[in-house]
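Inspection log for the structure reproduced underneath, given as structure tokens.
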Amino acid sequence: MRPYGWCACVMVLWLQAQSAIAGTVLVVGDSISAGFGLNTDQGWVTLLKDRLTAEKSTYAVVNASISGDTSAGGLSRLPTLLTKHTPEVVVIELGGNDGLRGMPIAQLKQNLSRMVRLSLEANSKVLILGIRLPPNYGQRYTTAFAGVFPKVAQEFEVPVVPFLLEGAGGVASMMQADGIHPNAQAQPTILENVWPTLEPMLTE
């Protein structure tokens, strides 16, 4: 076969592979989505992949979460991720480390807003996953922190899960020894918190 024949075959195979994928869900998060302290097959993002496979969905899931990441870190990485993966849906799960470090609420809001704006400008749908802080950070700060996620969602008219760890956060049997990271038992609960909002965003 002539060289251009091989090129044509490769192109056809590539196009077939692309057409078989309905779209990409890009998860940009921190240790909660990276599966800190868990086996690679236990995290909620992996469980999401498993559910999509079981339902014969052709969506691909890219987990770009990094343990310890902040909203500033996610913002700096996002442009490259958008260009590389051209996601249909961007799931933003960031802010927890900002709060644990006592970073200014205004800075968190600005970073999340910029991430949402960049994603929308790339023609991606956006889902924001909110988080809450332990009460020892003070009521004023924790209340303002928890309010950032719905405020950003309302501003850009995108869906939000107000508290990703609903039903797991603060429950000793569902948390690792550090009291911050959810354990393997909590992962199905986390997925169930996300799925009802994420599923309608997926269009085959």
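Numbering (mature numbering (1 follows the signal peptide of the UniProt record, and there is no 0)), first residue to last: -22 to -1, 1 to 182.
In this text, a Cβ means the ideal position worked out from N, Cα and C, and glycines have one as well.
Tell me which residues share the same chain as residue i and place their Cβ nearer than 6 angstroms to its Cβ, disregarding the 5 neighbours each side in the sequence.
i       : result
SER97   : VAL68, VAL104
ILE(-2) : THR36, ALA38
LEU30   : TYR37
GLU177  : none
GLY13   : GLY21
LEU60   : ALA100
ALA124  : ARG110
ASN41   : VAL5, VAL23
LYS62   : none
In this structure, what does DSSP give as the bridge partners for residue i?
i      : result
THR2   : ALA38
GLU71  : GLY7
VAL139 : LEU107
Look up residue i in the DSSP assignment and say whether it is helix, strand or coil.
i       : result
MET153  : strand
GLY7    : strand
LEU107  : strand
PRO160  : strand
ALA(-6) : Its pLDDT being 45, under 50, ALA(-6) is placed unreliably in this model, and the value from its coordinates should be taken loosely. Three-state result, ALA(-6): helix.
ASN89   : helix
MET81   : coil
ASP28   : helix
PRO112  : coil
GLN20   : coil
MET53   : The question names Met, but residue 53 is Leu in the sequence shown. In this structure, LEU53 counts as helix in the three-state DSSP scheme.
GLY13   : coil
ASN101  : coil
ALA146  : coil
THR48   : coil
LEU176  : helix
VAL120  : One detail in the question is off: residue 120 reads as Thr in this sequence, not Val. Of the three classes helix, strand and coil, the one that applies to THR120 here is helix, per DSSP.
GLU133  : helix
GLU170  : helix
PRO128  : helix
GLU33   : coil
THR64   : coil
THR58   : helix
For residue i and residue j, which I take to be in contact (beta-carbon distance under 8 angstroms), what is that distance rounded to the nearest angstrom?
i      : j     : result
VAL5   : SER43 : 6 angstroms
PRO82  : THR2  : Contact flag wrong, Cβ pair sits at about 33 angstroms.
VAL126 : LEU86 : 6 angstroms
SER165 : GLY15 : Per the sequence presented here, residue 165 reads as Gln, with Ser not at that position. Not a contact, Cβ separation roughly 11 angstroms.
ASP76  : THR48 : 5 angstroms
GLU71  : ASP8  : 7 angstroms
Output needed for residue i: all residues of its chain with C-beta closer than 8 angstroms, excluding positions within five of it in sequence on either side, in chain order.
i      : result
VAL139 : LEU105, ILE106, LEU107, GLY108, ASN171, VAL172, THR175
LEU142 : ILE10, GLU71, LEU107, GLY108, ILE109, ILE168, ASN171, VAL172
PRO113 : THR120
HIS159 : SER9, ILE10, PHE14, GLY15, MET153
Spatial neighbours of residue i within its chain, please: C-beta separation below 7 angstroms, excluding the five flanking residues on both sides.
i      : result
LEU162 : Going by the sequence as given, residue 162 is Ala instead of Leu. Taken in chain order, the residues that qualify are LEU16, GLN20.
GLY46  : ASP8, SER9, ASN75
- Query: How do the segment 104 to 113 and the segment 130 to 140 stand: do at least 3 beta-carbon pairs fall below 8 angstroms, yes or no?
  - Reply: yes
- Should the segment 19 to 38 be called in touch with the segment 75 to 93, which here means at least 3 C-beta pairs below 8 angstroms? no
- Message: For the pair the segment 159 to 176 and the segment 52 to 61, tell me if three or more CB-CB distances fall below 8 angstroms.
- Response: no
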